[in-house]
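Undergrad: Structure below; questions to follow.
There are 2 protein chains.
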Amino acid sequence: MNRLCTLTAPKGRPREFDLDVALAGALRVFWRNGYEGASMAELTAEMGITKPSLYAAFGNKEALFHKALDLYEREKLAYMTSALEAPTARAVAERLLRGALQMQMSTCDPKGCLSVISSVACSAEAEPIKAEVAKRRASSEAALMRRFDEAKAAGEFPDGLESHALMRYLFAIMQGLSIQAGSGATCTELNQLVETSLSVWPTR
Amino acid sequence: MNRLCTLTAPKGRPREFDLDVALAGALRVFWRNGYEGASMAELTAEMGITKPSLYAAFGNKEALFHKALDLYEREKLAYMTSALEAPTARAVAERLLRGALQMQMSTCDPKGCLSVISSVACSAEAEPIKAEVAKRRASSEAALMRRFDEAKAAGEFPDGLESHALMRYLFAIMQGLSIQAGSGATCTELNQLVETSLSVWPTR
DNA sequence: GCCTATTCATACCGTTCGGTATATAGGGAT
DNA sequence: ATCCCTATATACCGAACGGTATGAATAGGC
Numbered sequence: 001m002n003r004l005c006t007l008t009a010p011k012g013r014p015r016e017f018d019l020d021v022a023l024a025g026a027l028r029v030f031w032r033n034g035y036e037g038a039s040m041a042e043l044t045a046e047m048g049i050t051k052p053s054l055y056a057a058f059g060n061k062e063a064l065f066h067k068a069l070d071l072y073e074r075e076k077l078a079y080m081t082s083a084l085e086a087p088t089a090r091a092v093a094e095r096l097l098r099g100a101l102q103m104q105m106s107t108c109d110p111k112g113c114l115s116v117i118s119s120v121a122c123s124a125e126a127e128p129i130k131a132e133v134a135k136r137r138a139s140s141e142a143a144l145m146r147r148f149d150e151a152k153a154a155g156e157f158p159d160g161l162e163s164h165a166l167m168r169y170l171f172a173i174m175q176g177l178s179i180q181a182g183s184g185a186t187c188t189e190l191n192q193l194v195e196t197s198l199s200v201w202p203t204r
Numbered sequence: 001m002n003r004l005c006t007l008t009a010p011k012g013r014p015r016e017f018d019l020d021v022a023l024a025g026a027l028r029v030f031w032r033n034g035y036e037g038a039s040m041a042e043l044t045a046e047m048g049i050t051k052p053s054l055y056a057a058f059g060n061k062e063a064l065f066h067k068a069l070d071l072y073e074r075e076k077l078a079y080m081t082s083a084l085e086a087p088t089a090r091a092v093a094e095r096l097l098r099g100a101l102q103m104q105m106s107t108c109d110p111k112g113c114l115s116v117i118s119s120v121a122c123s124a125e126a127e128p129i130k131a132e133v134a135k136r137r138a139s140s141e142a143a144l145m146r147r148f149d150e151a152k153a154a155g156e157f158p159d160g161l162e163s164h165a166l167m168r169y170l171f172a173i174m175q176g177l178s179i180q181a182g183s184g185a186t187c188t189e190l191n192q193l194v195e196t197s198l199s200v201w202p203t204r
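Those protein sequences? They're chains A and B, same order as listed.
Going by the UniProt record's numbering, the first sequence opens with residue 1, and the numbers climb by one from there.
Going by the UniProt record's numbering, the second sequence opens with residue 1, and the numbers climb by one from there.
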């Protein structure tokens with residue numbers, strides 16, 4: 001009864017596709033079209049699998065979206081957590097803005113930010129989707145606010161400027177960046193936006 | 001053959017609903033749900049008319065959306081054009097930001113900005129919608145840029161700060177404002193965002 | 001009163017939506 | 001070889017989608 005690997009040969013017929021590859025395909029579709037704009041037909045086409053395979057492997061459309069959102073945060077939003085390690089609040093902001101810019105300049109990924117797209121779209125059916133995205137965004141906001149609280153305690157901000165307000169301001173710029181990227185702004189224009197934001201960043 | 005008013009009694013059976021009231025209802029639905037998220041069933045319910053009446057009066061869903069977008073710009077975005085008359089670039093920005101804030105604080109209107117919502121959502125079918133919104137936004141951007149060009153010529157900006165870049169920066173903040181308003185930010189938080197943006201506005 | 005023109009209400013069109021029942025194919029254990 | 005379990009492919013489900021055909025209702029022009 002010596003089993004060398006129980007993971008690679010579980011039981012019945014092995015699946016013929018790669019879970020990660022399929023999920024990456026699903027992410028692309030959700031990213032391009034939003035949750036409601038992504039049809040099962042387009043999803044299965046891009047993932048290279050049939051509908052029953054999709055449902056067996058991922059549950060349903062909403063569960064698939066959650067897994068795609070996990071992948072998105074893990075692979076595409078990694079710069080956000082690492083940016084928090086920068087030495088000053090301004091450096092954090094710079095790494096966040098440049099990270100967002102760099103992501104939008106990728107020619108192989110869809111434009112815009114999946115989180116922003118999903119928090120906007122759309123009808124009543126997608127309310128749980130919006131709620132989930134809001135929850136995750138709140139956690140990102142909390143992390144950045146903690147970092148800015150440190151910066152404020154270190155005296156990096158002008159008097160009267162709350163870390164909470166500055167966090168919200170920085171997020172607004174990044175959200176605006178993704179909106180503009182999604183509606184056809186050029187890399188030059190997005191770069192101008194980042195540079196302008198950095199040039200007006202408050203100093204004490 | 002003296003006709004006092006050819007407009008009020010055209011020919012056949014008079015319509016039993018008010019065009020403007022119905023259009024206002026359509027605007028609410030598009031505003032809440034986006035173009036694709038708005039179903040004909042919800043539209044007709046909110047407009048208080050039946051589907052054939054809708055098609056006879058407005059054409060089809062896309063034409064109805066265009067008319068609703070016209071109404072939106074006329075009634076809800078009027079502050080944008082009037083803001084351009086402010087004496088300085090900073091005053092223009094202040095009126096734009098406070099105008100956007102005031103609109104988001106209305107308790108009877110949906111949250112977020114219809115233009116932003118429509119430019120994000122959603123699938124391939126809605127590509128002409130995105131294009132139309134992009135066209136209108138470009139005209140708003142051009143108007144603000146002309147105004148900032150004047151300001152730059154008047155020496156209101158620091159050296160190296162282009163009016164184009166500042167216009168894009170201000171739009172980004174307003175877009176971020178509408179994103180945050182649409183995902184449940186409180187009036188206090190949105191007000192903080194506006195105040196912070198104004199407090200860092202560049203001066204020469 | 002009758003014709004014409006327009007609106008209204010109902011019922012329906014074909015298509016697409018997310019999701020599944022069913023039968024077949026393929027690998028591990030015995 | 002047989003059994004068991006899982007993945008595959010096809011074909012299908014009811015519901016909702018945007019849009020329309022149809023006939024009754026309601027006005028003006030003659």
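Each residue gets a CB set at the ideal place from its N, CA and C atoms; glycine is no exception.
This structure is a prediction, so every number in the text was calculated from the model and none was measured.
Suppose the cutoff is 6 Å on Cβ atoms and the five residues either side in sequence are ignored; what does the same chain contact list for A:THR6 look like?
TA: On the first sequence, position 6 is the one that residue 6 of chain A refers to. In this prediction, A:THR6 scores a pLDDT of 44, lower than 50, which makes its location untrustworthy; the coordinate-derived value is nonetheless stated afterwards. Excluding positions up to five away in sequence, the list is empty.
Undergrad: Under a Cβ-count criterion, where at least 16 other Cβ atoms within 10 Å of its own Cβ denotes burial, should A:LEU19 be classed as buried or exposed?
TA: Along the first sequence, one-based indexing puts residue 19 of chain A at 19. Its Cβ having fewer than 16 others within 10 Å, A:LEU19 is exposed.
Undergrad: Who are the Cβ neighbours of B:LEU177 in its own chain at under 8 Å, not counting the five residues just before and after it?
TA: Sequence index remark: in the second sequence, residue 177 of chain B carries index 177 (1-based). The answer, listed in chain order, is LEU97, ALA100, LEU101, GLN104, LEU190, LEU193 and VAL194.
Undergrad: Closer than 9 Å, Cβ to Cβ, to anything on chain B: give me those residues from the UniProt domain "HTH tetR-type" (16 to 76) of chain A, in chain order.
TA: From the UniProt domain "HTH tetR-type" (16 to 76) of chain A, only ARG32, ASN33, GLY34, TYR35, GLU36, GLY37, ALA38, SER39 and GLU42 have a Cβ closer than 9 Å to chain B.
Undergrad: Note down the Cα distance separating A:ARG28 from A:ARG204, rounded to an integer number of angstroms.
TA: Taking the first residue of the first sequence as 1, we reach residue 28 of chain A at position 28. Taking the first residue of the first sequence as 1, we reach residue 204 of chain A at position 204. Cα to Cα, A:ARG28 sits roughly 42 Å from A:ARG204.
Undergrad: Report the option in A:ALA181, A:ALA38 and A:MET167 whose CA atom is closest to the CA atom of A:PRO202.
TA: Along the first sequence, read from residue 1 onward, the residue named residue 202 of chain A stands at position 202. Ranking the options by Cα distance to A:PRO202, first place goes to A:MET167.
Undergrad: Please name the residue, chosen from A:PHE17, A:LEU23 and A:ALA38, that lies closest to B:ALA124 on a Cα-to-Cα basis.
TA: The residue given as residue 124 of chain B occupies position 124 in the second sequence. For B:ALA124, the nearest C-alpha among the options comes from A:ALA38.
Undergrad: Quick one: Cα of A:ILE131 to Cα of A:MET40, how far?
TA: Taking the first sequence and counting its residues from 1, the one referred to as residue 131 of chain A is at position 131. Taking the first sequence and counting its residues from 1, the one referred to as residue 40 of chain A is at position 40. Per the sequence shown, the amino acid found at residue 131 of chain A is Ala instead of Ile. Each residue's alpha carbon lies about 22 Å from the other.
Undergrad: List the residues of chain A whose Cβ lies closer than 7 Å to the Cβ of B:SER197, in chain order.
TA: The residue labelled residue 197 of chain B in the question sits at position 197 within the second sequence. Here the neighbours are TYR169.
Undergrad: Flag A:PRO128 as yes if its beta-carbon sits less than 7 Å from any beta-carbon of chain B, otherwise no.
TA: For the purposes of this step, residue 128 of chain A is identified with residue 128 of the first sequence, where counting begins at 1. A:PRO128 does not count as touching chain B.
Undergrad: On the DSSP letters alone, give me the boundaries of the alpha helix (DSSP H) that B:ARG98 sits inside.
TA: Walking along the second sequence from the start, residue 98 of chain B turns up at place 98. Taken as a continuous stretch (DSSP letters only), the alpha helix (DSSP H) holding B:ARG98 covers 89 to 105.
Undergrad: Give me, in chain order, the residues of the same chain whose beta-carbon lies closer than 8 Å to that of B:VAL133; leave out the 5 immediate sequence neighbours on both sides.
TA: Here residue 133 of chain B refers to the residue found at position 133 of the second sequence. Counting only Cβ-Cβ distances below 8 Å, and skipping sequence neighbours, we find LEU69, SER115, SER118 and SER119.
Undergrad: State the Cα-Cα distance for the pair B:PRO10 and A:ILE173, rounded to the nearest angstrom.
TA: One-based indexing of the second sequence puts residue 10 of chain B at position 10. One-based indexing of the first sequence puts residue 173 of chain A at position 173. Computed Cα separation, rounded: 52 Å.
Undergrad: Pull out every residue of the region 104 to 117 of chain B whose Cβ sits closer than 8 Å to any Cβ of chain A, in chain order.
TA: Of all residues in the region 104 to 117 of chain B, GLY112, VAL116 and ILE117 have a Cβ within less than 8 Å of some Cβ in chain A.
Undergrad: Measuring straight from C-alpha to C-alpha, what distance separates A:THR88 and B:GLU73?
TA: Reading the first sequence from its first residue, position 88 is the one you call residue 88 of chain A. Reading the second sequence from its first residue, position 73 is the one you call residue 73 of chain B. Computed Cα separation, rounded: 42 Å.
Undergrad: Using CA coordinates, which residue listed in A:LYS152, A:ALA86, A:VAL200 and A:LYS61 is at the minimum distance from B:GLY160?
TA: As a working mapping, residue 160 of chain B is identified with position 160 in the second sequence. Selected option, being the one with the closest Cα: A:VAL200.
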